[in-house]
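For the sequence shown, my numbering assigns the number 1 to the initial residue and increments by one for each residue that follows. Notes for the one structure printed next.
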Amino acid sequence: MTSFSTSAQCSTSDSACRISPEQTNQVRPKQPLLKILQAAGAQGEMFTVKEVMHYLGQYIMVKQLYDQQEQHMVYCGGDLLGELLGRQSFSVKDPSPLYDMLRKNLVSLASAATGTSHPISSVCITALSSRGQMMGKQGGSRWK
1 MTSFSTSAQC STSDSACRIS PEQTNQVRPK QPLLKILQAA GAQGEMFTVK
51 EVMHYLGQYI MVKQLYDQQE QHMVYCGGDL LGELLGRQSF SVKDPSPLYD
101 MLRKNLVSLA SAATGTSHPI SSVCITALSS RGQMMGKQGG SRWK
């Protein structure tokens with residue numbers, strides 16, 4: 001799977017995003033995303049971004065939403081994941097739709113602890129994910 005850094009500093013025009021090990025580096029998925037994560041075996045309501053990505057990969061594998069021949073393609077039309085993404089399909093080679101969905105459906109608990117409640121910035125998610133591919137190959141299959 002993916003290797004993410006647990007610390008990131010980035011800024012947007014609205015606010016700064018600083019997630020460090022000293023702060024609560026966990027996120028709280030909104031209800032529809034939480035249902036997806038729980039369907040993949042996640043327990044609880046708070047996760048690291050790395051855990052969220054892991055369970056999304058598990059969900060895609062369990063539901064067999066990926067194309068057997070072109071394993072970078074995920075066909076999620078008619079599935080809750082597709083509803084969240086607002087798409088019928090996406091490629092893990094261009095995961096920007098996934099990151100946009102995460103930006104809208106993850107709330108940083110570091111910001112919740114300070115009394116502000118804003119979704120985690122897509123810039124921060126991209127910074128966290130830039131250290132590795134969203135879903136790397138393991139063995140003969142990208143998804144196994």
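A virtual CB, placed ideally from N, CA and C, is assigned to each residue, including glycine. If you're wondering where the values come from, they're calculated on a predicted model, not measured in any experiment.
Would you mind stating whether Q26 and M46 have Cβ atoms separated by less than 7 angstroms?
Working through the sequence shown from its first residue, we reach residue 26 at position 26. Working through the sequence shown from its first residue, we reach residue 46 at position 46. Closer than 7 angstroms, so yes.
Closest by CA to D100, which one among L84, K93 and S89?
The residue labelled residue 100 in the question sits at position 100 within the sequence shown. Considering only alpha carbons, the answer is L84.
DSSP on Q23, reduced to helix/strand/coil?
Here residue 23 refers to the residue found at position 23 when the sequence shown is read from its first residue. For Q23, the pLDDT reaches just 40, beneath the cut-off of 50, and the residue's location in the model is therefore unreliable, leaving the point undetermined.
With DSSP collapsed to three states, give me the class of V52.
Translated into the one-based positions of the sequence shown, residue 52 becomes position 52. The answer is helix: DSSP assigns V52 an H, G or I state.
Please report the straight-line C-alpha distance between H72 and N105, rounded to a whole angstrom.
The sequence position of residue 72 within the sequence shown is 72, counting from 1. The sequence position of residue 105 within the sequence shown is 105, counting from 1. Distance between the alpha carbons of H72 and N105 is about 23 angstroms.
Report all residues from its chain with a CB closer than 7 angstroms to the CB of K35; omit the five preceding and five following residues, and keep chain order.
Walking along the sequence shown from the start, residue 35 turns up at place 35. These residues qualify, in order along the chain: L80.
Ordered along the chain, which non-local residues of its own chain (more than five positions away) have a Cβ less than 7 angstroms from that of P97?
The residue given as residue 97 occupies position 97 in the sequence shown. Counting only Cβ-Cβ distances below 7 angstroms, and skipping sequence neighbours, we find L85, R87 and F90.
Taking the alpha carbon of G41 as the point to measure from, which residue in D94, Q69 and G57 has its own alpha carbon closest?
For this step, residue 41 is matched to residue 41 along the sequence shown. Taking only the C-alpha atoms, the option nearest G41 is G57.
Can you tell me whether V62 is buried or exposed, with buried defined as 16 or more other CB within 10 angstroms of its CB?
Locating residue 62 in the sequence shown gives position 62, where the first residue counts as 1. By the 10 Å Cβ count, V62 comes out exposed.
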